[in-house]
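Numbering (our numbering), first residue to last: 48 to 234.
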């Protein structure tokens, strides 16, 4: 897996510096996002981050198109690719990332076949990515997290609970985190 992993990461680096190749590279990344090997999928997320960093608006538009494939592994690549602390320093990227997370979590909430292995890979990713996004736009992020905490869906509450355990949120607003954790325990 090491060589394919390096190749996929390299695609992101090439796409970062060569705007003429970005669209082709994004297509290759989308194809690899559903690879059976988790390391390759992680390489796709890393490569996606590089391209978002170079050309946020066009890349985010492309990532939104990826979500239309309704493939859990592709969805996971999108949310993981956006959940990078350096990207969250730009509020427009953080806003777009939150909107994408909201769309993906809405689909998670509607899913009835929750035993699908790829569905669980997506949920596992969402259990950390949302906390990264919240660091970029704390007020909106915590408001959305509060919605998740009070949701009736146990998977959605799990996503909220796991994100609330992240130190990055504790450092951001310990009082709000404790308040939301208490709400989770009451439900």
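Just so it is clear, CB atoms sit at the ideal spot from N, CA and C, and this is done for glycine as well.
Taking only three categories from DSSP, how would you classify residue i?
i           : result
residue 163 : coil
residue 118 : coil
residue 226 : helix
residue 171 : helix
residue 140 : helix
residue 238 : The structure shown does not extend to residue 238, since the chain is modelled only from 48 through 234, so no value can be given for it.
residue 67  : coil
residue 213 : coil
residue 158 : coil
Taking the continuous alpha helix (DSSP H) assigned at residue i, which residues delimit it?
i           : result
residue 132 : Segment: none, residue 132 is in no alpha helix (DSSP H) and carries neither H nor E.
residue 197 : Taken as a continuous stretch (DSSP letters only), residue 197 belongs to no alpha helix (DSSP H), as it is neither H nor E.
residue 57  : 49–64
residue 81  : Per DSSP, residue 81 belongs to no alpha helix (DSSP H) and is neither H nor E.
residue 109 : 103–113
Exposed or buried, which one is residue i when buried takes at least 16 other CB atoms within 10 Å?
i           : result
residue 83  : exposed
residue 90  : buried
residue 79  : buried
residue 160 : exposed
residue 210 : buried
residue 71  : exposed
Using a threshold of 8 Å, state whether the C-beta atoms of residue i and residue j are closer than that.
i           : j           : result
residue 92  : residue 127 : yes
residue 113 : residue 125 : yes
residue 206 : residue 173 : yes
residue 181 : residue 134 : no
residue 96  : residue 131 : yes
residue 285 : residue 179 : Nothing in the structure corresponds to residue 285, since the chain is present only between 48 and 234.
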